[in-house]
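Residue numbers (the numbering used here): 48 to 209.
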């Protein structure tokens with residue numbers, strides 16, 4: 048996987064330091080620090096991870112391990128409206144793969160990609176923990192339950208003008 052090299056502006060470095068300081072640069076707060084950084088930047092490129100390492104004293108390798116272990120974190124930019132399809136057992140059994148295929152068809156991008164206009168990205172998750180709503184789709188923070196392939200066009204339409 049190739050990584051995108053970015054140059055952080057001083058204000059970006061200052062924001063990361065501010066986030067780390069807000070958690071007292073505590074090693075046990077690494078996931079919270081990374082969540083806040085991802086909220087700010089939209090993703091966690093190596094350069095952001097390096098600044099977190101400098102501030103917190105946590106080795107970059109450990110930070111990278113956390114970022115790559117948890118499916119919530121991403122090292123590549125996401126679309127303005129990230130679409131995540133749960134592929135946990137309940138969702139999968141109830142047709143999540145067909146829902147994912149429909150998003151891929153409608154948006155013309157594969158899972159892990161971002162649309163050329165930067166509006167949408169598609170990813171799959173292991174389990175969201177809302178099995179009673181299977182199959183489940185998240186668009187940003189909004190949850191859609193019991194999604195069928197026929198629902199996909201309307202879900203996309205909600206976000207096209209935003």
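Glycine residues also receive a C-beta, built at the ideal position from the N, C-alpha and C atoms.
Could you give the DSSP three-state label for residue i: helix, strand or coil?
i           : result
residue 119 : coil
residue 129 : strand
residue 70  : coil
residue 208 : coil
residue 106 : coil
residue 92  : coil
residue 124 : coil
residue 174 : coil
residue 149 : helix
residue 78  : helix
residue 55  : coil
residue 141 : coil
Which partner residues of residue i appear in the DSSP bridge assignment?
i           : result
residue 161 : 168
residue 190 : 185
According to the neighbour-count rule (16 or more other Cβ atoms, all chains shown, within 10 Å of its Cβ), is residue i buried or exposed?
i           : result
residue 135 : buried
residue 191 : buried
residue 125 : buried
residue 116 : exposed
residue 163 : exposed
residue 167 : buried
residue 49  : Any reading at residue 49 must be qualified, since the residue scores a pLDDT of 43, below 50, and its modelled position is unreliable; the value itself is stated next. So residue 49 ends up on the exposed side.
Are the CB atoms of residue j and residue i within a distance shorter than 9 Å?
i           : j           : result
residue 114 : residue 146 : no
residue 127 : residue 209 : yes
residue 199 : residue 149 : yes
residue 63  : residue 70  : no
residue 202 : residue 171 : no
residue 91  : residue 121 : yes
residue 111 : residue 137 : no
residue 284 : residue 169 : Only positions 48 to 209 of the chain appear in this structure, which leaves residue 284 out of reach.
residue 59  : residue 95  : yes
residue 151 : residue 181 : no
Sufficient close CB pairs (3 or more, under 8 Å) joining the stretch 149-165 to the stretch 95-103: These segments do not touch.
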